[in-house]
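Have a look at the structure below before the remarks.
Numbering (this note's numbering), first residue to last: 63 to 361.
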């Protein structure tokens, strides 16, 4: 990682100001939630006033993380600083509009190559495996508190965004950080993997069966796709995050280069998740339709 001046500017802001509202992208994943908790808990331990904002309250999939009960859906502060984490575009940042009436400084911390640089300060490191990796380096360089709760949030961030170190964004630096979190803070990789990937509701398994029944493959066997409709969700109501990994079934078929997952959010609104292997940059495809993400995972 580089961008030392951006790190220095961000550290100076974190030290100077006292009231922070922290948010992430809509439909938050493990990286955005882990990064948010790590940053928020560390600033709180530094004596700062912090509101940690999540779109839909406490997420079921990550309710084992320390500090998750401190998150809110609204901010009661008039913050001096708003921190955006793991969000490539301002339009996808879930921060209530009234937060900006106090004209806070906007700090943009992210690792998406498609990031638009929408902050007044932008700490965007596109070769970082996860936003959580940037958050760790920021806290470490700035001498901010790090403890086992913060370490668990960071480990969750980097492990989920790398598919537990299976995806091509995994680097030696990522593995070194994971090892450090395990050795120095007692993080249990097996516990986190079990909670995130191996504890599923009965309804989510039934829903997955219905979604897999829609699976189709293109004539050239390069593309596959499947669909989740509102009708299916009414039959098997599950939390939003319980469907996040469904797309991986489409992309895991031998020979498939791109897998797509079409999810009906509400009538007339479809969320599309993309996954690819080595040959296709799906972030470019997603950006054409108003989305974004990474070369191998976008939406």
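Glycine residues also receive a C-beta, built at the ideal position from the N, C-alpha and C atoms.
Keep in mind that this is a model prediction, so the values were computed, not measured.
DSSP state of residue i mapped onto helix, strand, coil
{"i": "residue 195", "result": "helix"}
{"i": "residue 63", "result": "Reliability of the predicted coordinates at residue 63 is poor, the pLDDT of 42 falling under 50, and no value is obtained from them."}
{"i": "residue 346", "result": "helix"}
{"i": "residue 301", "result": "coil"}
{"i": "residue 277", "result": "coil"}
{"i": "residue 127", "result": "coil"}
{"i": "residue 261", "result": "coil"}
{"i": "residue 165", "result": "coil"}
{"i": "residue 331", "result": "strand"}
{"i": "residue 75", "result": "helix"}
Spatially closest choice to residue i from the options, by CA coordinates
{"i": "residue 165", "options": "174, 258 and 81", "result": "81"}
{"i": "residue 101", "options": "317, 142, 171 and 90", "result": "171"}
{"i": "residue 200", "options": "211, 210 and 216", "result": "216"}
{"i": "residue 316", "options": "221, 302, 338 and 224", "result": "338"}
{"i": "residue 212", "options": "205, 288, 88 and 198", "result": "198"}
{"i": "residue 288", "options": "244, 282 and 312", "result": "312"}
{"i": "residue 205", "options": "306, 79 and 105", "result": "105"}
{"i": "residue 230", "options": "117, 189 and 66", "result": "189"}
{"i": "residue 348", "options": "242, 134 and 358", "result": "358"}
{"i": "residue 336", "options": "355, 226 and 302", "result": "355"}
{"i": "residue 175", "options": "162, 161 and 193", "result": "193"}
N- and C-terminal bounds of the alpha helix (DSSP H) containing residue i
{"i": "residue 241", "result": "234-247"}
{"i": "residue 41", "result": "Residue coverage of the chain in this structure runs from 63 to 361, which leaves residue 41 outside it and unanswerable."}
{"i": "residue 297", "result": "292-297"}
{"i": "residue 273", "result": "264-274"}
{"i": "residue 216", "result": "210-223"}
{"i": "residue 252", "result": "251-255"}
Proximity of residue i and residue j at Cβ, strictly below 9 angstroms
{"i": "residue 219", "j": "residue 96", "result": "yes"}
{"i": "residue 221", "j": "residue 247", "result": "no"}
{"i": "residue 139", "j": "residue 146", "result": "no"}
{"i": "residue 308", "j": "residue 334", "result": "no"}
{"i": "residue 177", "j": "residue 68", "result": "no"}
{"i": "residue 182", "j": "residue 168", "result": "yes"}
{"i": "residue 144", "j": "residue 85", "result": "yes"}
{"i": "residue 116", "j": "residue 90", "result": "yes"}
According to DSSP, residues forming a beta bridge with residue i
{"i": "residue 82", "result": "112 and 143"}
{"i": "residue 313", "result": "Beta-bridge pairing links residue 313 to no other residue."}
{"i": "residue 360", "result": "336 and 355"}
{"i": "residue 171", "result": "147 and 185"}
{"i": "residue 285", "result": "320"}
{"i": "residue 87", "result": "155"}
Continuous beta strand (DSSP E) stretch holding residue i: start and end
{"i": "residue 324", "result": "320-328"}
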